[in-house]
Amino acid sequence: MRCFISIELESSIKNNINDFILQNNLKKIFSGIRWTKPDNLHITLAFLGDISADEISDVKKILTEIAQNHMPFYIELSGLGFFPNLKHPRVLWIGIKEQLNLLKLKDDIDKKLDVFDISYDKKPFSPHLTIGRIRDTLKIEPKAVAELEFKGSFLVTEIYLMKSDLSPTGANYTNLYNVKLG
Numbered sequence: 014m015r016c017f018i019s020i021e022l023e024s025s026i027k028n029n030i031n032d033f034i035l036q037n038n039l040k041k042i043f044s045g046i047r048w049t050k051p052d053n054l055h056i057t058l059a060f061l062g063d064i065s066a067d068e069i070s071d072v073k074k075i076l077t078e079i080a081q082n083h084m085p086f087y088i089e090l091s092g093l094g095f096f097p098n099l100k101h102p103r104v105l106w107i108g109i110k111e112q113l114n115l116l117k118l119k120d121d122i123d124k125k126l127d128v129f130d131i132s133y134d135k136k137p138f139s140p141h142l143t144i145g146r147i148r149d150t151l152k153i154e155p156k157a158v159a160e161l162e163f164k165g166s167f168l169v170t171e172i173y174l175m176k177s178d179l180s181p182t183g184a185n186y187t188n189l190y191n192v193k194l195g
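All residue numbers for the sequence shown refer to my numbering, where the first residue is 14 and numbers rise by one.
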């Protein structure tokens, strides 16, 4: 089963992001982007890929233990950018201001996944919120991006284990498990 560990966004933030995209006419400015469905907006803490039922059980134990050691905290969203860069954009994202609680949560998850020998994507953590993906070559005007700024914040109260099913219309996510922080 294809899975990832995430922070899910409050509905109000999802709505604010959708409004930001519409109000700034981003779908026209950045044509050629496959936009993330508002319900799919999340912050990935660990992409696990295909994992077994036993590993899912272990991940649930890991998340339960980690959640007890972390109190709820705020995340501040700010900025807009592209991965890997403006010349060869593949992902359009909203940035996350560096937050020690978020980095500690991510670090604790990684350490526990290693202890349980559960493989995950070990790319350096670059906290962001993917709002769109670019399939074809897209010329981005730096000025168009520089003038755009999304700002928002929300309280993180839970961490999630999500299942991802790919389809021609994009990914569909299902919550397999969630646990409250604190």
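We treat Cβ as the ideally placed atom computed from N, Cα and C, and that holds for glycine.
Measure the C-alpha to C-alpha separation of residue i and residue j and round it to an integer number of angstroms.
| i | j | result |
| --- | --- | --- |
| E23 | V128 | 31 Å |
| E89 | Q112 | 8 Å |
| L115 | L61 | 18 Å |
| I153 | K100 | 7 Å |
| L93 | A159 | 8 Å |
| S120 | I46 | For the record, residue 120 in the displayed sequence is Asp; it is not Ser. So the alpha carbons of these two residues sit roughly 32 Å apart. |
| R166 | F43 | The question names Arg, but residue 166 in the sequence shown is Ser. Roughly 25 Å between the two C-alpha positions. |
| I109 | S65 | 31 Å |
| Q81 | L118 | 11 Å |
| K50 | G183 | 9 Å |
| T170 | F33 | 24 Å |
| D67 | L39 | 43 Å |
| K27 | N188 | 17 Å |
| Y87 | N191 | 18 Å |
| N185 | R103 | 20 Å |
| S91 | K164 | 5 Å |
May I ask you to report which of helix, strand or coil DSSP gives residue i?
| i | result |
| --- | --- |
| T182 | coil |
| L76 | helix |
| E68 | helix |
Using only alpha-carbon positions, find the residue among the options that is nearest to residue i.
| i | options | result |
| --- | --- | --- |
| E162 | I20, E171 and N37 | N37 |
| K193 | K27, E21, D130 and L126 | E21 |
| I18 | K164, T182, K125 and G183 | K125 |
Every unbroken alpha helix (DSSP H) inside the stretch 112-180 [4 residues or more]:
113-128 and 155-159
Just checking, does the stretch 144-152 make contact with the stretch 56-75 on the three C-beta pairs under 8 Å criterion?
no
Threshold first: 3 residues or longer. Then list the beta strand (DSSP E) segments lying entirely within the stretch 28-64, N to C.
46-48 and 55-63
When the Cβ atoms of the stretch 169-189 are set against those of the stretch 129-136, are three or more pairs found closer than 8 Å?
no
Is the stretch 48-59 close to the stretch 76-86, with three or more CB pairs under 8 Å?
no
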